[in-house]
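Residue numbers (the working numbering), protein chains in the order written: chain A, -12 to 98; chain B, 394 to 512.
Encoded as structure tokens, the structure appears first; notes follow it.
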Amino acid sequence: RKEVEQDPGPFNVPEGATVAFNCTYSNSASQSFFWYRQDCRKEPKLLMSVYSSGNEDGRFTAQLNRASQYISLLIRDSKLSDSATYLCVVNKSGGSYIPTFGRGTSLIVHP
Amino acid sequence: DTGVSQDPRHKITKRGQNVTFRCDPISEHNRLYWYRQTLGQGPEFLTYFQNEAQLEKSRLLSDRFSAERPKGSFSTLEIQRTEQGDSAMYLCASSRGGPGTFSYNSPLHFGNGTRLTVT
């Protein structure tokens, strides 16, 4: 089983739609979680950290479920510019600060 | 904010040649990471440094790969005797780090990457 798993998609949604991605992780001792966005042939960029209580940044909401070992990203009112790959990142625990990436979920927002 | 810079942006080499990439992290960041990414996959961890110490290296990394960070600032990644399977985007990232919970929540800042093509 991979350490971090994501549905690769693509998720194809119309503008204005709400879309949600999940990401599961295998190591129950994982300490920190992030969502990154990656545009085609560009480097990943931090979208948001994920906190235990859940957090929101504008149209984006991230949640963590430690019991079920998954994190989620909700995008409301999708824009064309949201089209990208969304990478789930989990920090490997045990003293090694090694962020582990999922394979990413592709989102395509169409007019 | 100068960000993370990588050089070169693109490298085309013939199989069997050696290549070296450079990464300059954000100046106040003491952690530096190398990742490799192929099409349709997420970045795969290769190795990381805290200051000049190489603290971990992926078991998937063959002995043809070596990385250094001699003065705790810039880093180089060398691939010897390149193979076609080495073709990928090589990403460098840096972050602040140290003991304590703050370290866990320090996100990575990536450079633009070096795209390697081995022919």
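Note that CB positions come from ideal geometry on N, CA and C, so glycine has one too.
Could you check what DSSP says for residue i in three-state terms: helix, strand or coil?
i       : result
Q18(A)  : coil
L67(A)  : helix
Q430(B) : strand
Q399(B) : strand
Q443(B) : strand
D26(A)  : coil
Q410(B) : coil
Q477(B) : helix
T510(B) : strand
H422(B) : coil
A4(A)   : coil
Y57(A)  : strand
Taking Cβ-Cβ distances shorter than 9 Å, what residues in chain B pair up with residue i?
i      : result
S65(A) : Those within 9 Å of S65(A) in chain B number zero; the least Cβ separation is about 22 Å.
Nearest to residue i by CA position, among the options, is which residue?
i       : options                               : result
S459(B) : R402(B), P418(B) and F414(B)          : F414(B)
V96(A)  : F(-2)(A), N9(A) and W22(A)            : F(-2)(A)
S13(A)  : Y38(A), K(-11)(A) and D44(A)          : K(-11)(A)
A4(A)   : S40(A), R46(A), T87(A) and T92(A)     : R46(A)
S480(B) : G504(B), S468(B), N411(B) and L509(B) : L509(B)
E445(B) : G396(B), I419(B), S468(B) and G506(B) : S468(B)
S70(A)  : P98(A), N78(A) and A54(A)             : P98(A)
T11(A)  : V(-9)(A), K29(A), S40(A) and K66(A)   : V(-9)(A)
Q104(A) : S68(A), T72(A), V6(A) and V37(A)      : Here chain A comprises residues numbered -12 to 98, so residue 104(A) is not present and cannot be evaluated.
Who are the neighbours of residue i on chain B, taking C-beta pairs under 8 Å?
i       : result
L128(A) : The shown model of chain A, from -12 to 98, leaves out residue 128(A), and the question about it has no answer.
Using a Cβ cut-off of 8 Å, pull out every chain A residue sitting near residue i, in sequence order please.
i       : result
N505(B) : K29 and E30
G490(B) : Y84
R424(B) : Y84
Considering only residues of the same chain and omitting the five flanking positions on each side of residue i, which have a CB-CB separation below 6 Å?
i      : result
P31(A) : Y23, Q25 and L74
Less than 7 Å between C-beta atoms, sequence neighbours within five positions excluded: which residues of the same chain meet that for residue i?
i       : result
K513(B) : Nothing can be reported for residue 513(B): it is not among the residues displayed for chain B, which extend from 394 to 512.
What in chain A is Cβ-close to residue i, meaning under 7 Å?
i       : result
P500(B) : F21, L33 and S36
L484(B) : E30
Taking residue i and residue j to be in contact with their CB atoms under 8 Å, please state how far apart those CB atoms are, rounded to whole angstroms.
i       : j       : result
Q443(B) : N423(B) : 6 Å
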